[in-house]
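**Student:** Just dropping this structure here.
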Amino acid sequence: MAALVEEIRLAAQALVEFGVHLFNPTIRLGVTGLSRAGKTVFITALVHGLVRGGRFPIFEALATGRIARAYLAPQPDDAVSRFDYENHINAIVDKRSWPASTRQNSELRVVIEYQSLSGYQRTLTLDIVDYPGEWLLDLPLLTKSYEMWALESLRLSRQHPRADVAKLWHAHLATLNPDGAEDEQQALTAARLFTEYLHACRDNNHAISLLPPGRFLMPGDLANTPALTFAPLELSTEGPPPIGSLWAMMRRRYESYRTVVVRPFFRDHFARLDRQIVLVDTLAAINEGPDALLNLEQALGQVLDCFEIGRKTILSALLRPRIDRILLAATKADHLHHTSHDRLETILKRLTQRATARAEVAGAQVDVVALAAIRATREAMVRRGRQELPCVLGVPIAGETVGGEVFDGETEAAIFPGDLPDDPDQLLSTDNRFHESKTSPRNAGFRFLRVRPPVLELTESGVAALPHIRLDRALQFLIGDWLV
Ligand SMILES: Nc1nc2c(ncn2[C@@H]2O[C@H](COP(=O)(O)OP(=O)(O)O)[C@@H](O)[C@H]2O)c(=O)[nH]1
Ligand SMILES: [Mg+2]
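Following my numbering, the numbering of the sequence shown begins with 11 at its first residue and continues without gaps.
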């Protein structure tokens, strides 16, 4: 009954939003991706470009001068923190350092005043919503019972390379009797070991993908609550669980997690988005080798399936997610020479082929792009012996090392990142050339030195803008059709 009342209330709210929408369209753009994928930098660069007028030849409304003004407006959702645009842009432009890592979701409202193609003055309100990809990966839990989730989590944890880091947890699991009496200490230990296993999967270089429940990794204010104190059990019989058993306890807490964490995220955030960009640090995965790429392929499949899951839920039609365009973006393309940008795009396309087809069936248009929200490098051909190598030039961050040389954060260096293969399948085979044998995982990132943000460059109209790669193409796909 309570659920029904809640649904009616939300449906009424959706109707009100819809009415306002006709006069002053507001669209919500979701920006997600796993931690370090480049969300903060992407939003900062996008807003800077809109507000200051960047060099965006492919973003038609801006390129043809139809955007009169774009400005920041007060953030609309009282319970969500505001995206700290000013601090982020100061770090990049004034200090030439990357914004500090963020762990929270946040939001920013940009109002765009423009002239429609038929000459009318119009306003588009764009709400940009930054949320962790980890939350998205929780959505499948909406359609899974505790028993299904436990079975699946256990199956995955027994596969290479996760099995190695699951040993401690598995050993404890073997001592538990699901039908035995509920026991808080057992639940606490199981949850702790299971959480440590999830952390190890994330930190382990060979398992870039993430496993739900996402809040086990980012508990926020739910840390130590029963809703986060459960773990999979090895179940041999079908339900229902005996009353008062450990199994019943775990199942109850799993239900709480869905009620307290997953449903509110779905209702308050996900179901209200119109457009979505998913940022993927594809280069980091390429750098790690075939295992990481296969893992990334799976994770992206899960992410795209979320858009379909959203459509199948129990909620009424008015609350169904309305996302109709999804952009998958390989970030930090400025680490490569432009001769490899298309190849990077091809690789991401290949990794998301099957999942994209499913999302398109579910009614969303999907596109793939390799971009750099901020281009921190320039290009140069460097002669080495008789060879001319396509290199990128940049100022490596202080402390970055190559072959014993430590950079001071001031000196520019030419970096030869290697060529990406034409055929993405080459990267997925175990003997790929690009993935060099590594002496230790600590050296893994050496082909892509982290470089400092660039200095601003002047556009034709004399505006100081941040250089980028294909950020305008992303914008055109995401909001271009709303500015006609
Ligand atoms: N060269 C380059 N580096 C980037 C770019 N975007 C992100 N990065 C790097 O990736 C790091 C993580 O980016 P951030 O936006 O904080 O990721 P988030 O955790 O998804 O918000 C930054 O500190 C930069 O070092 C880009 O466009 N070019
Ligand atoms: Mg961030």
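Even for Gly, the Cβ is constructed at its ideal location relative to N, Cα and C. Nothing here was measured: the structure is a model prediction, and the numbers come from that model.
In whole angstroms, give me the CA-to-CA distance for residue 378 and residue 362.
**Tutor:** Position 368 of the sequence shown, counting from 1, holds the residue named residue 378. Position 352 of the sequence shown, counting from 1, holds the residue named residue 362. Their Cα atoms are separated by approximately 9 angstroms.
**Student:** When the Cα atoms are used, what is the spatial distance from residue 175 to residue 182?
**Tutor:** Here residue 175 refers to the residue found at position 165 when the sequence shown is read from its first residue. Here residue 182 refers to the residue found at position 172 when the sequence shown is read from its first residue. Answer to the nearest angstrom: the Cα atoms are 13 angstroms apart.
**Student:** Does DSSP put residue 454 in a helix, a strand or coil?
**Tutor:** Walking along the sequence shown from the start, residue 454 turns up at place 444. Since pLDDT at residue 454 reaches only 38, below the 50 mark, its modelled position is unreliable, and no value is offered.
**Student:** Apart from the five residues on each side of it in sequence, which residues of its chain come closer than 7 angstroms, Cβ to Cβ, to residue 474?
**Tutor:** Here residue 474 is taken as the residue at index 464 of the sequence shown, counted from 1. 466, 468.
**Student:** Since residue 66 and residue 482 are thought to touch, with beta carbons under 8 angstroms apart, how far apart are those beta carbons, to the nearest angstrom?
**Tutor:** Position 56 of the sequence shown holds residue 66. Position 472 of the sequence shown holds residue 482. The Cβ separation is near 4 angstroms, so the contact holds.
**Student:** Hey, residue 223 and residue 151 are a contact pair by Cβ (cut 8 angstroms); roughly how many whole angstroms apart?
**Tutor:** Indexing the sequence shown from 1 puts residue 223 at position 213. Indexing the sequence shown from 1 puts residue 151 at position 141. 7 angstroms between Cβ atoms; contact.
**Student:** Can you give the Cα-Cα distance for residue 117 and residue 85, rounded to whole angstroms?
**Tutor:** Taking the first residue of the sequence shown as position 1, residue 117 is located at position 107. Taking the first residue of the sequence shown as position 1, residue 85 is located at position 75. Those two C-alpha atoms are separated by around 7 angstroms.
**Student:** What is the C-beta distance between residue 56 and residue 80, in whole angstroms, given that I count them as a contact (C-beta under 8 angstroms)?
**Tutor:** The residue given as residue 56 occupies position 46 in the sequence shown. The residue given as residue 80 occupies position 70 in the sequence shown. About 11 angstroms; that fails the 8 angstroms criterion.
**Student:** Just to confirm the assignment: which complete alpha helix (DSSP H) runs, minimum length 4, are found wholly within the stretch 188 to 267?
**Tutor:** 194 to 213, 256 to 267
**Student:** For ligand 2, is there any heavy atom lying closer than 7 angstroms to the beta carbon of residue 177?
**Tutor:** The sequence position of residue 177 within the sequence shown is 167, counting from 1. No, the Cβ of residue 177 stays beyond 7 angstroms of every heavy atom of ligand 2.
**Student:** I need the straight-line Cα distance from residue 154 to residue 426, nearest angstrom please.
**Tutor:** One-based indexing of the sequence shown puts residue 154 at position 144. One-based indexing of the sequence shown puts residue 426 at position 416. Taking the straight line joining both Cα atoms gives about 47 angstroms.
**Student:** Under three-state DSSP, which class holds residue 442?
**Tutor:** Within the sequence shown, the letter at position 432 stands for residue 442. Note that residue 442 has pLDDT 49, beneath the 50 cutoff, so the model's placement of it is unreliable and the number below is only indicative. Coil, per DSSP.
**Student:** If you count every other CB in all the chains shown that lies within 10 Å of the CB of residue 268, and 16 or more means buried, which is it?
**Tutor:** Sequence index remark: in the sequence shown, residue 268 carries index 258 (1-based). Result: buried.
**Student:** So residue 476 packs on residue 384, CB below 8 angstroms; how close in whole Å?
**Tutor:** Locating residue 476 in the sequence shown gives position 466, counting from the first residue. Locating residue 384 in the sequence shown gives position 374, counting from the first residue. About 5 angstroms separates the two Cβ atoms, so the contact holds.
**Student:** Kindly indicate the opening and closing residues of the alpha helix (DSSP H) around residue 131.
**Tutor:** Working through the sequence shown from its first residue, we reach residue 131 at position 121. Not the alpha helix (DSSP H): residue 131 falls in the beta strand (DSSP E), residues 131 to 140.
**Student:** Could you tell me the distance, in whole angstroms, from the CA atom of residue 306 to the CA atom of residue 98?
**Tutor:** In the sequence shown, the residue the question calls residue 306 occupies position 296. In the sequence shown, the residue the question calls residue 98 occupies position 88. One C-alpha to the other measures close to 28 angstroms.
**Student:** May I have all residues whose beta carbon comes closer than 7 angstroms to any heavy atom of ligand 2, sorted in chain order?
**Tutor:** 49, 50, 111, 112, 140
**Student:** Within the present structure, is the beta-carbon of residue 45 separated from the nearest heavy atom of ligand 1 by less than 7 angstroms?
**Tutor:** Counting from 1 along the sequence shown, the entry for residue 45 is found at position 35. Flag set: Cβ of residue 45 near ligand 1.
**Student:** Going by DSSP, what residue range makes up the alpha helix (DSSP H) through residue 418?
**Tutor:** Looking up residue 418 in the sequence shown gives position 408. Per DSSP, residue 418 belongs to no alpha helix (DSSP H) and is neither H nor E.
**Student:** Which residue marks the beginning of the beta strand (DSSP E) containing residue 119, and which one marks its end?
**Tutor:** Position 109 of the sequence shown, counting from 1, holds the residue named residue 119. Unbroken beta strand (DSSP E) run through residue 119: 116 to 125.
**Student:** Which value, in whole angstroms, describes the spacing of the CA atoms of residue 406 and residue 188?
**Tutor:** Taking the first residue of the sequence shown as 1, we reach residue 406 at position 396. Taking the first residue of the sequence shown as 1, we reach residue 188 at position 178. When rounded, the distance between both Cα atoms is 53 angstroms.
**Student:** Which residues does DSSP list as the beta-bridge partners of residue 334?
**Tutor:** Position 324 of the sequence shown holds residue 334. Partner(s): none; residue 334 has no beta bridge.
**Student:** Is residue 145 near ligand 1 - that is, is its Cβ less than 7 angstroms away from at least one heavy atom of it?
**Tutor:** One-based indexing of the sequence shown puts residue 145 at position 135. For ligand 1, not one heavy atom lies less than 7 angstroms from the Cβ of residue 145.
**Student:** Verify whether the separation of the beta carbon atoms of residue 333 and residue 286 is less than 8 angstroms.
**Tutor:** Taking the sequence shown and counting its residues from 1, the one referred to as residue 333 is at position 323. Taking the sequence shown and counting its residues from 1, the one referred to as residue 286 is at position 276. Yes; because the gap between Cβ atoms is below 8 angstroms, this pair is in contact.
**Student:** Going by the C-beta, is residue 461 closer than 7 angstroms to any heavy atom of ligand 1?
**Tutor:** The residue labelled residue 461 in the question sits at position 451 within the sequence shown. At least one heavy atom of ligand 1 is nearer than 7 angstroms to the Cβ of residue 461, so yes.
**Student:** I'd like to know if residue 312 contacts chain D, where contact means its C-beta is closer than 8 angstroms to some C-beta of that chain.
**Tutor:** Checking the listed chains, one finds no chain D in this structure; it contains a single protein chain.
**Student:** Cβ of residue 108 versus every heavy atom of ligand 1: is any distance shorter than 7 angstroms?
**Tutor:** Position 98 of the sequence shown, counting from 1, holds the residue named residue 108. Yes - ligand 1 has a heavy atom lying nearer than 7 angstroms to the Cβ of residue 108.
**Student:** Would the beta-carbon of residue 245 fall within 8 angstroms of that of residue 257?
**Tutor:** The residue given as residue 245 occupies position 235 in the sequence shown. The residue given as residue 257 occupies position 247 in the sequence shown. Closer than 8 angstroms, so yes.
**Student:** Enumerate, from N- to C-terminal direction, the unbroken alpha helix (DSSP H) stretches of 4 or more residues contained entirely within the stretch 45 to 100.
**Tutor:** 49 to 62, 70 to 73
**Student:** Under a Cβ-count criterion, where at least 16 other Cβ atoms within 10 Å of its own Cβ denotes burial, should residue 191 be classed as buried or exposed?
**Tutor:** As a working mapping, residue 191 is identified with position 181 in the sequence shown. Burial check for residue 191: the Cβ neighbour count within 10 Å stays below 16, so the residue is exposed.
**Student:** Taking three-plus beta-carbon pairs below 8 angstroms as touching, is the stretch 134 to 147 in contact with the stretch 251 to 265?
**Tutor:** no
**Student:** Just verifying my parser: in three-state terms, what is the DSSP assignment at residue 289?
**Tutor:** In the sequence shown, counting from the first residue as 1, residue 289 sits at position 279. Note: residue 289 maps to strand in three-state DSSP.
**Student:** Is residue 341 a contact residue of ligand 1, with contact defined as CB to any heavy atom under 7 angstroms?
**Tutor:** In the sequence shown, counting from the first residue as 1, residue 341 sits at position 331. Yes, the Cβ of residue 341 comes within 7 angstroms of a heavy atom of ligand 1.
**Student:** Does the distance from the C-beta atom of residue 462 to that of residue 111 stay below 8 angstroms?
**Tutor:** The count along the sequence shown starts at 1 and reaches residue 462 at position 452. The count along the sequence shown starts at 1 and reaches residue 111 at position 101. Contact: no.
**Student:** Grouping DSSP H, G and I as helix and E and B as strand, with all else coil, what is residue 489?
**Tutor:** Position 479 of the sequence shown, counted from the first residue, corresponds to residue 489. Residue 489: helix per DSSP, three-state reduction.
**Student:** Assuming residue 317 contacts residue 367 (C-beta within less than 8 angstroms), just tell me the rounded distance between them.
**Tutor:** In the sequence shown, the residue the question calls residue 317 occupies position 307. In the sequence shown, the residue the question calls residue 367 occupies position 357. About 13 angstroms; that fails the 8 angstroms criterion.
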